[in-house]
Structure formats: C-alpha cells, structure tokens
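This report refers to the structure that appears directly beneath it.
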Amino acid sequence: MIVRMRNPDATVEVAGPMRVGDLLDHLDIAPHTVLVIDGGALVVADHVLAADAEVEIRPVISGGAGGLTCIACGRPPVLEEPRHRAAWCASHVVDHVHNQIRKAIDHAHGTDHNERMFGYADRVIVAVSGGKDSLALWDALLSMGYRVDGLYVGLGIGGYSVRSQGACEAFADARGVRLHVVDLADTYGYTTPSGAVATGRSTCGVCGLSKRYAFNRVAIDEGYDVLLTGHNLDDEAATLHGNLVRWHDDFLARQGPVLPGRGGLQARKCKPLYRLSERETAAYCVVRGIDYVVEECPLVAGNSGHEHKAALDLIEAGSPGAKAQLLFGFLDRQSRVAPQVGSDDRAADLGACAHCGLATVSEVCAFCRQRERIRAALPLLDAEVPA
Ligand code: AMP
Ligand code: ZN
Ligand code: ZN
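Each residue of the sequence shown is one higher than the one before, starting from 0 at the first, in numbering that gives the first Met the number 0.
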C-alpha cells in the first residue's frame, strides 16, 4: 500500500494488508496524534488496509483512543474521543460538532443565562485562515442556517499565504458565499515578515496585532454584528495555561469565548469552537470534504503557545478531559479569580484612536503605532502606503 504522511510530507510503501493500529506501530506514530484516511474515508485502529490501499496519515495534535461503536447509532465509528468517553460514525461526528457549537452559542461559559453569542437575524463574519478550525466553523454555521460571511487577511507569508487564500476562496466559491479579502501589503504597506524586520518584533507579534486590527476594521466598517474566530479548546486552554504560568492578570481578565463590543470602536468577538478539540474539527473537515490547508505557518517556530499545547497534550493523554476542566473551570470562576472582568474600568478607559478611530486605551492605538514604526523603517514601501 502507498502511505502518504503529511507535515512533514513523505510517502512510503508498506506491504499489506495490515491493520491501521499495526501500521501506525510500524511507522512509530502515536495513534492519538493522527487521523488515518483510507481512500477518502476516516478509519479507526481495527480497520484492515488492503494491499493496494492508498492511505493518508494526517497529523492533528491532540488526544484519544477507545470506543467501539457510535454512541448515537451503534454503527462502526470513525472518531473516538476519550474526553467524552464516546465514539461517532461519520454522520454523527457532524451532529456532535454541531451540538457543541450550538451549546457554545446558546450557553457560553461565563455569560448570562439568556445571552447568546449571536442569533439568526444577526450579520456574522468569521475570520478564516484556510485551516481546519475556521473553515469547519464557517461550514457548520452555514449548514445550521446562520448568515455568515468570511474574512481572509493576506499576511504575505510566501506560498503558505497563497495556498491559504486559495483554500478560503475555493470554499466560498463552492458555496456561493461572500469572502472579504484584506491584503496587508496592499492595504497597509507591509507583510508579516517585512514588518517584523522593520520593528525587530517577533513575526507572531506583528502578525497577531495586524490580524486583530484587520478583523476589527472590517467588522466595524462593514457593519457586522459579531466577529468570529476559529479558536478551539486546545488554543484556549493553551492560552489560559500560558497566562496562568506567567500570571498575566490583565489577559486572564479578558480571556473568554464572548468579548463584548464597544459601539463603533470594537466589534463583539466570539469563539464558537471553544468546546471542541482540534482533532474534532479536523475530523469534521475530513467527513464534510472540506479541503483545508494542512501545513502549519512556516514562521511559527518560537511561538510560546506551542509549549503550552504540548504540555497540556501530555496531561490530557493521561487524564482525558483535563483541558476542558481547566478552561471551563476557569471561565466559571473567572469573575472571582480575575475580578477586573465585568467591571467597567477598562471600558471607561477606551477611546477612539487619533489616527484610525478604532478602540484604544492610549491616544494612538497599538496598531497605528506599529504601522508608523514600520513606515519609518521601510521607506521604500512608503509610496504604496495609503494615507
Ligand atoms: P491562529 O492565531 O493562527 O491560531 O488563528 C486563530 C484564528 O484566527 C483562526 O481560527 C481564524 O479564525 C483566525 N485567523 C488566523 N489567521 C487568519 C488569516 N490570515 N485571515 C483571517 N483569519 C485568520
Ligand atoms: Zn452514528
Ligand atoms: Zn489606530
């Protein structure tokens, strides 16, 4: 059989037939870190791969094993999740993911009982990177009947950005939905790599600030009621862990699946995937036939979030559910642990940036200050920077 491995890409020939579990053992791959796809269909450890099978092993970075039948219908499962002590067949993977999103929208942790993230009448925009999480989210919300447009921010990270934009455009075209595209170089005169060189900041720092700004800018200018991102349980638990380890009180107070908007300054922001692991969103994409970009951003090395993800993966493997307990438990007691939340101190400090008019606690917002520094250091690009 032909076995194609992803990220890093490699193709090997292995003599078959062989059980999936034995193949992974043979290749020295931990089963809970991957999805195995046989001729386009997800398969579990006991599935026997034919001698002439074409197999893909796709990394997902998360944890799970166990479960013999779909908990909803008893058919053979394609995904197991120890955290839920459950496994699902392909159609019930879709149900499971939709149910978790519905729960998040209707009763997010840390929100009022009757506060929903958004409703069917709202105009919703989802920031899509071309990766599994945000495309899964867009697909799920469209199939649940919400009005959702997309937003892709071109960061100028070579072929990775080209392929990511292509995945978003193909998704939008196939469904006849609207995708906004903002290119950092065209709109603001720099790319993530050139901005990092100009400021001496990390690429992740420049990228994060630029993305958050572009998301807010489009959501406010185009009059959307709510802006969504594809942050999942793994992302949110890792961010929380990082903030706890360093006791970033301010970040702890502001982390959450629902961040309120402030008039024309700051869009309401929500994270409907915060109850789902990245393994679950990856499986959803495979089952739904969503063609997402599997490769990781090539500039991600040195992003401290990854250490916290790896640490939590280790804990989750020995103690399924630990990530969800950490995150949900924190959100339930956030007002006690990080009391600034819910107070109006910060809201009162927020004003309009003197340059761009969006939210800031100082006179000029962090994005405009960063852009000024880049503009000063990259004079050759000046001519292309709009006023
Ligand atoms: P990341 O910060 O790369 O983990 O991405 C978190 C979320 O931010 C994703 O799930 C998307 O919703 C959004 N996002 C990341 N990169 C982009 C991008 N280039 N354009 C639009 N949205 C993005
Ligand atoms: Zn089922
Ligand atoms: Zn500004």
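Backbone N, C-alpha and C fix where the C-beta goes; we use that ideal spot for every residue, glycine too.
Coarse secondary structure for residue i, derived from DSSP in three states
i	result
C355	coil
P271	coil
L313	helix
I70	coil
Q254	coil
Y212	helix
W137	helix
E55	strand
I219	helix
Y151	strand
H108	coil
A120	coil
L22	helix
Burial state of residue i (16 or more Cβ within 10 Å)
i	result
S142	exposed
H112	exposed
L313	exposed
G262	exposed
K102	exposed
V59	buried
I156	buried
D220	exposed
V292	buried
G62	Confidence in G62 is poor, its pLDDT being 35 and thus under 50, which makes the residue's placement too unreliable to answer from.
W87	buried
V2	buried
L34	buried
Nearest-angstrom Cβ-Cβ length linking residue i and residue j, presumed shorter than 8 Å
i	j	result
R274	L325	Not really, about 13 Å apart at Cβ, beyond 8 Å.
M116	C269	4 Å
L239	C206	No, L239 and C206 are not in contact; Cβ-Cβ is about 21 Å, not under 8 Å.
L377	Y189	6 Å
Inter-residue Cα distance where the pair is residue i and residue j
i	j	result
M4	R278	16 Å
G241	H25	35 Å
G158	G165	10 Å
Q99	L272	8 Å
D45	D138	30 Å
H83	H95	11 Å
A9	Y151	29 Å
D185	C284	31 Å
L330	L136	22 Å
C367	Q333	31 Å
E294	R57	10 Å
L258	G144	23 Å
R267	R18	48 Å
A365	F170	33 Å
A49	V43	14 Å
G129	Y212	19 Å
D234	S276	9 Å
S133	V77	22 Å
V13	K308	32 Å
L243	G15	48 Å
| said: If contact is defined by three or more beta carbon pairs under 8 Å, each pair taking one atom from either stretch, is the segment 89 to 99 in contact with the segment 109 to 126? | reply: no
At least 3 beta-carbon pairs within less than 8 Å: the segment 246 to 263 vs the segment 314 to 323: no
**Item:** Contact between the segment 68 to 77 and the segment 16 to 30 (3+ Cβ pairs under 8 Å)
**Value:** no
Under 8 Å: do the segment 161 to 178 and the segment 211 to 229 share three or more Cβ pairs, one atom per stretch? no
Quick one: residues with CB closer than 5 Å to any heavy atom of ligand 4, in chain order, please. In the structure shown, ligand 4 is absent; the only ligands present are ligand 1, ligand 2 and ligand 3.
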